[in-house]
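Heads up, the thing below is written out as C-alpha cells.
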Amino acid sequence: MDLLTTSVATVESDSEPYTLVELTGEADVTNSDALREVLDAEVAKQPRTMIIDLSGLRFMDSSALHVVLRANRVMDRQGGVLALASPREPVAKMLRLTAADQLIPVYPSVREATAG
Amino acid sequence: MTGNMYDGLRITRAGSGNQRAGVTEYPSGSAAEVRMSESTATAGLFRHVAFFYRTAEEYATTMAGFLGDGVAAGEPTLAAVPEGQLGLVTDALGADARRVEFADMTEMGRNPAWIIPRVQAFVGLHAGQHVRYVGEPIWASRSPAELREATRHEALINLAFAGADAEILCPYNAAQLGQAVITDARHTHPLLLSDGSAGTSAEYAGPFGLPSSCSAPLPARPDTAVIHTYRSDLSQVRALGMESAGEAGLPDDRASDLVLAVSEVAANTLRHTPSSGTLAIWHDPHEIVCEIHDDGVITDPLAGRRRPAPDALGGHGLWLVHQVCDLVELRSDTTGTTVRMHMAIRSPRPLR
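Printed below as a string of C-alpha cells:
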C-alpha cells in the first residue's frame, strides 16, 4: 500500500464547481514529487476553487507543505482560491507553527471551505 | 559607584579607557553628559552586554536604570527574565513598568532557540526605532544540556543582531552560577558590566565564536540507546519514534511533536546526503532523547532560529524541529551532522 494516496474530483455545488483533492496517509519528502505532479495537473486546469481535504492525512512534513505553498502561489496568480480542510491536530499545528495558516485558509470541514 | 551602573558603559563607546584584567574601568563622572555627547555618534550601534550581579539590589537598580532610560527615551523595551525575578524589576521601575513588555524567560526561553526569533519579531515590529531588550536565559537550575544551548544562544545573539539598532542586556547571577558559565559569558558578550565597572570584554570571541562548552562534541549517548539505520523509509523512522515516545510516557500530542522533529531531520538525510542516517533513541524518567547522525553538513549557525517567511519554499524543516522540541542540540562539521532532540516527559507547562 502506498504511503500517500490522492484522489481528485470535480464537485458540482450550488454555486460553482470546485476541485476537491483528498489526501490519505502520510505526506513526506519521499512522496512530495508525486504530490506535486497531482497538484500541478489540477492547478493547470485553472479552477476557481481548489480544496485539499486533509482529514485522512496522518502526517505532513515541510516538503509536502512546500508543494502546497507552491500550488497556492500559482492559484493566487490565476485568481483562484486554494483552501485546506479538516486537518488533524498534528498537521494543524504544523500549519500554525509555519504560519502557513495565515497564507492559506484552513477550515474545519470541506463543507465550511466551500461556504468560504 | 552609585545609581545605574549601566550609564558607565556608554563611555566605552567613545573609545578610550584603561584595560585591566579584561575589563575597562572608567572614572565616575556625569554619565548623562556622556550619553548626550555620544548618542548621535553611536546611534544605531548594536550592543550586547553581560551584567554580572550578586545582590537583588544591584540587579533591581541596574535593570530599572537600563529599562527606565529606554522608557524615558520613548524606546520600545522588552524584558525576559525568570518569573521569580520579574517582581524585583517591576517594583524598581515603578510606574515605568507599564511601558515595558515583560515575559517569563522560563517559558519564552525554555528552549533557548525560541528566544532569537521572539526578539527579532519585537525588533521587526518596531523597525526604525532603537530597541532595548533584557534577556536572562541562564539560571542555576538549568540542566547541563540547557546550559550548553543557552550559552550557544548567547553567542548567536551577536550574529543574529549584528548591525541591528538594538541594545541587549543579559543579567547573570554571579553568586549562583558556576565560574565556567561566567567565563563563557565573557566569550559571548562584547561588553561587560561587573562590580561597578563597565567595559569591553577582552575574551569576546567575535560574532562567529562559540565557547567550547557548546561546540565540543556532545556527551556520549548511553549504551542502552535503541539504534535504527534508515536510507529511504521515513515512515518506519516515525513509527519507531512514536513507539519509543509511548514507552517513555510522553503524552500523545508531544509524541507527535517529537515524531515531526525526527522526521524533518531524517528527511534532510534523504535530501542532502547519498548515504544512510542513524537514529538513536533513549530515555530516562525525565526526558526522551532522539538523536540523528548523518553525513550532511549544516553551515549556517542560525539554521532553524530565524522564522521563515510563510510563503518561503524552504527553511521550514529545522524551524519546526526547534519549535516543537524542548531542546535541540546540533553539531556539524565536515565529518557530518548530529542533531539531538530532547523532550521532557512531564512538560513543565502546557505547550502552545
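Just so you know, the protein sequences line up as chains X and G, in that order. Count along the first sequence from 1, then add 5; that gives the number in the working numbering. Count along the second sequence from 1, then add 8; that gives the number in the working numbering. C-beta atoms are modelled at their ideal positions from N, C-alpha and C, and glycine is treated no differently.
- One Cα belongs to Arg-354 of chain G, the other to Ile-146 of chain G, and the distance between them is close to 21 Å.
- Closer than 8 Å at the C-beta level to chain X, one finds these residues of the segment 325–336 of chain G: Gly-325, Trp-327, Leu-328, Gln-331 and Val-332.
- Taking each of G:Gly-73, G:Gly-92 and G:Tyr-238 in turn and checking the Cα distance to Leu-101 of chain G, the smallest one comes out for G:Gly-73.
- Chain order gives the chain G residues near Arg-78 of chain X as Asp-319 and Leu-321, where near means a beta carbon separation below 9 Å.
- Between the C-alpha atoms of Pro-52 of chain X and Ala-317 of chain G there is a straight-line separation of about 26 Å.
- Three or more pairs of CB atoms, one per stretch, sit closer than 8 Å, so the segment 141–158 of chain G contacts the segment 176–188 of chain G.
- In the three-state scheme derived from DSSP, where H, G and I count as helix and E and B as strand, Thr-346 of chain G is classed as strand.
- By the neighbour-count criterion, in which 16 or more other beta carbons inside 10 Å mark a residue as buried, Ser-264 of chain G falls on the buried side.
- For a Cβ distance threshold of 7 Å, residue set Asp-33, Val-34, Asp-66 and Ser-68 of chain X lies close to Ala-275 of chain G, ordered along the chain.
- Runs of the beta strand (DSSP E) spanning 3 or more residues and lying entirely within the segment 275–356 of chain G occur at 285–291, 295–302, 335–341 and 344–352, in chain order.
- Shown here, His-161 of chain G sits in a helix according to DSSP, grouped into three states.
- One alpha carbon belongs to Gly-254 of chain G, the other to Asp-260 of chain G, and they sit about 8 Å apart.
- Sequence-distant partners of Arg-246 of chain G (beyond 5 residues in either direction) whose C-beta falls short of 8 Å from its own C-beta, in its chain, are Val-267, Val-270 and Ser-271.
- Per DSSP, Val-26 of chain X is one residue of the beta strand (DSSP E) stretching across 23–32.
- Only residues of its own chain outside the window of five on either side were considered, and among them Val-48, Met-55, Val-86 and Leu-87 have a CB closer than 7 Å to the CB of Met-80 of chain X, listed in chain order.
- One thing to note: Ala-88 of chain G has its Cβ within 8 Å of the Cβ of Met-113 of chain G.
- Glu-94 of chain X reaches chain G at Asp-261 and Ser-264, counting residues in chain order whose Cβ is nearer than 8 Å.
- From the beta-carbon of Glu-272 of chain G, the residues of chain X found nearer than 8 Å are Asp-66 and Ser-67.
- Distance between Leu-310 of chain G and Thr-343 of chain G, taken at the CA atoms: about 19 Å.
- Counted as a single uninterrupted DSSP element, the stretch harbouring Thr-232 of chain G is not any alpha helix (DSSP H), since DSSP gives it neither H nor E.
- Rounded to the nearest whole angstrom, the C-alpha separation of Ala-224 of chain G and Thr-24 of chain X is 53 Å.
- When Cβ-Cβ separations below 8 Å define contact, Thr-29 of chain X makes no contact with chain G.
- A straight line joining the alpha-carbon of Gly-84 of chain X with that of Pro-22 of chain X spans about 15 Å.
- With contacts defined as CB atoms closer than 8 Å, Ala-58 of chain G and His-197 of chain G qualify as a contacting pair.
- Within the model, the alpha-carbon separation for Arg-348 of chain G versus Val-336 of chain G is close to 6 Å.
- With a minimum length of 4 residues, the unbroken runs of alpha helix (DSSP H) contained wholly in the segment 186–210 of chain G fall at 187–196.
- Within chain G, the residues whose beta carbon sits less than 8 Å from that of Met-99 of chain X are Leu-268 and Leu-328, listed in sequence order.
- Under DSSP, Pro-179 of chain G shares a beta bridge with G:Phe-59.
- Comparing C-alpha distances from Leu-258 of chain G to each of G:His-195, G:Tyr-238 and G:Cys-333 shows the shortest one belongs to G:Cys-333.
- The three-state reading of DSSP puts Tyr-212 of chain G in coil, since its state is none of H, G, I, E or B.
- By DSSP's assignment, Ile-57 of chain X forms a beta bridge with X:Val-26 and X:Leu-89.
- When Cβ pairs closer than 8 Å are counted between the two stretches, the segment 213–221 of chain G is seen not to touch the segment 6–20 of chain X, the count staying below three.
- Residue X:Leu-102 holds the alpha-carbon nearest to the alpha-carbon of Arg-315 of chain G among X:Ala-118, X:Thr-15, X:Leu-102 and X:Tyr-112.
- Fewer than three Cβ pairs drawn from the segment 104–114 of chain X and the segment 282–296 of chain G lie within less than 8 Å of each other, which leaves the two stretches out of contact.
- Neighbours of Leu-310 of chain G in chain X, taken as residues at a C-beta separation under 8 Å, are lacking, since the least C-beta distance is about 17 Å.
- Within the segment 81–158 of chain G, the complete beta strand (DSSP E) segments at least 3 residues long are 85–89, 109–112 and 139–143, listed from N- to C-terminus.
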